[in-house]
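What follows is a set of notes on a single structure, which appears directly below.
Residue numbers (this note's numbering): 3 to 414.
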């Protein structure tokens with residue numbers, strides 16, 4: 003990979019994999035919040051609805067924190083938010099392990115682990131690594147963002163093993179100490195500040211004083227990207243979150259649904275790497291269109307799936323299609339906006355993608371309760387996917403309508 007503006011040829015690669023591991027380690031808190039739903043609900047004497055509140059607050063904190071931490075990274079560099087995360091996320095797990103009430107447990111996960119923890123290791127880290135690569139920026143971003151899927155492939159079986167043997171409180175204590183020991187050294191590897199050209203990059207490069215990328219105002223374009231993020235991730239949530247109950251409804255064992263979810267995440271890593279490589283060649287927007295079109299086709303195909311073989315094939319296809327969609331937003335932002343605004347703009351866009359996942363999971367469940375099957379949920383997911391595809395297509399069309407600005411969609 004190219005290594006611009008650094009005195010040590012290998013440091014950007016070291017930084018790349020330190021960022022990947024930092025994201026993968028921090029993701030353990032998210033999967034811990036999922037796995038603890040049932041045992042915590044039982045211990046605190048609540049139903050599954052109230053028992054899901056810790057995970058919901060975690061996701062809300064994760065979403066909102068990306069904007070705050072992104073602004074912090076823009077101003078002071080990635081080390082400041084990463085250090086906050088390296089202290090707050092382990093502290094949240096340790097406080098949660100000592101919780102005596104559900105609200106105490108929820109606040110620990112939502113505020114410390116989500117708002118000030120994992121949020122700093124997602125969008126801000128992806129933004130930071132984009133400053134260290136030029137010709138292969140898409141691949142670098144794809145590698146780093148695959149950390150969330152790598153985390154999903156590693157942590158759930160490990161954490162479930164210890165929860166089954168030692169209980170969730172001891173598991174949370176051990177995870178708290180482990181994340182502290184791992185995240186601090188990884189953060190220290192990010193010590194070098196990125197050199198950011200605040201006067202150039204993206205749309206500003208050739209249009210100083212005329213900041214209207216693709217003919218949009220910066221605010222309008224940011225809003226469109228956020229709306230696109232909602233559309234793709236509402237659609238994405240239905241198969242990811244509801245694949246296990248869908249499999250059960252079709253008369254198969256839940257273990258098959260769990261395996262399908264693992265396949266989605268595993269092939270999602272492949273998708274993120276391939277889409278990053280593709281972004282370097284055709285640009286982030288065209289990569290978004292390709293991933294969105296493939297995801298929509300797979301989602302619609304779930305309407306006709308009634309056998310295990312078909313479902314396994316669709317799980318693989320879904321992982322290959324959807325994994326690269328979210329990283330493409332990072333490339334689009336870095337291409338169309340000034341480099342000095344990357345942290346908070348990427349964080350804002352990712353906030354809406356995470357919010358879309360939460361909305362999509364809830365909406366699919368509500369529609370199932372109303373209709374008794376997942377047909378309406380699949381159709382709704384497909385509709386939101388069409389919205390995402392329409393926005394991405396509009397951006398490409400605007401590039402063609404703005405001949406003087408066409409170059410800004412190509413990777414830097």
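For each residue, glycine too, the CB sits at the ideal point set by N, CA and C. Treat the numbers as computed from the prediction; the structure is a model and nothing was measured.
Given residue i, which residues of its chain have a CB within under 8 angstroms of its CB, disregarding the five upstream and five downstream residues?
i, result
"residue 182", "88, 89, 92"
"residue 73", "345, 346, 349"
"residue 144", "274, 275, 276, 277, 278, 279, 281, 326, 329"
"residue 164", "172, 173, 176"
"residue 412", "Low per-residue confidence applies at residue 412: pLDDT is 39, beneath 50, and the placement is therefore not dependable enough to give any value."
"residue 212", "Per-residue confidence for residue 212 stands at a pLDDT of 45, beneath the threshold of 50, marking its modelled position as unreliable; the derived number appears in the next sentence. Around residue 212: no qualifying Cβ."
Just tell me which of the options has its CA closest to the CA of residue i.
i, options, result
"residue 384", "177, 232, 275, 110", "232"
"residue 386", "403, 355, 371, 370", "355"
"residue 267", "284, 365, 239", "239"
"residue 95", "179, 243, 166", "179"
"residue 391", "372, 306, 352, 295", "295"
"residue 35", "47, 112, 331, 339", "112"
"residue 306", "252, 339, 340, 259", "252"
"residue 169", "368, 378, 45", "45"
"residue 33", "57, 42, 15, 18", "57"
"residue 134", "155, 84, 80, 399", "80"
"residue 43", "254, 255, 119, 105", "105"
"residue 16", "192, 217, 158", "192"
"residue 157", "216, 82, 264", "264"
"residue 256", "222, 310, 223", "310"
"residue 114", "225, 138, 66", "66"
"residue 224", "389, 82, 376, 339", "339"
"residue 437", "304, 389, 317", "Absent from the structure is residue 437, since the part of the chain shown begins at 3 and ends at 414."
Starting from the C-beta of residue i, find all residues in its chain whose C-beta is less than 7 angstroms away, skip the five residues before and the five after it, and write them out in chain order.
i, result
"residue 415", "Residue 415 lies beyond the range of the chain shown here (3 to 414); nothing can be said about it."
"residue 351", "227, 228, 231, 331, 335"
"residue 363", "239, 243"
"residue 125", "68, 72, 348, 349, 352"
"residue 110", "94, 97, 98, 101"
Could you tell me the boundaries of the alpha helix (DSSP H) in which residue i lies?
i, result
"residue 377", "377 to 403"
"residue 21", "13 to 28"
"residue 292", "286 to 303"
"residue 103", "Careful: residue 103 lies outside any alpha helix (DSSP H) and carries neither H nor E."
"residue 347", "344 to 373"
"residue 228", "220 to 251"
"residue 330", "327 to 338"
"residue 163", "149 to 168"
"residue 46", "39 to 46"
"residue 121", "Where residue 121 is concerned, there is no enclosing alpha helix (DSSP H), given that its DSSP letter is neither H nor E."
"residue 323", "310 to 324"
"residue 217", "Element bounds for residue 217: n/a, residue is neither H nor E."
"residue 63", "55 to 78"
"residue 129", "125 to 132"
Considering only their Cβ atoms, is the gap separating residue j from residue i smaller than 8 angstroms?
i, j, result
"residue 185", "residue 31", "no"
"residue 249", "residue 262", "yes"
"residue 287", "residue 277", "no"
"residue 301", "residue 380", "yes"
"residue 358", "residue 235", "yes"
"residue 140", "residue 327", "no"
"residue 297", "residue 230", "no"
"residue 395", "residue 291", "yes"
"residue 130", "residue 342", "no"
"residue 161", "residue 39", "no"
"residue 122", "residue 84", "yes"
Residues in its own chain within less than 6 angstroms of residue i by CB, not counting five upstream and five downstream?
i, result
"residue 149", "22, 25, 26"
"residue 116", "60, 63, 64"
"residue 201", "Here residue 201 scores only 48 on pLDDT, less than 50, and its place in the model is too uncertain to base an answer on."
"residue 188", "20, 23, 24"
"residue 5", "In this prediction, residue 5 has a pLDDT of 43, which is less than 50 and means its spatial position is unreliable; nothing more can be read from the coordinates."
Shorter than 8 angstroms from the beta carbon of residue i to some beta carbon of chain B?
i, result
"residue 182", "In summary, chain B is missing from the structure at hand, where a single protein chain is found."
Any chance the CB of residue i is under 7 angstroms from a heavy atom of the ligand FMN?
i, result
"residue 294", "In the structure on display, the ligand FMN does not appear, and there are no ligands present to speak of."
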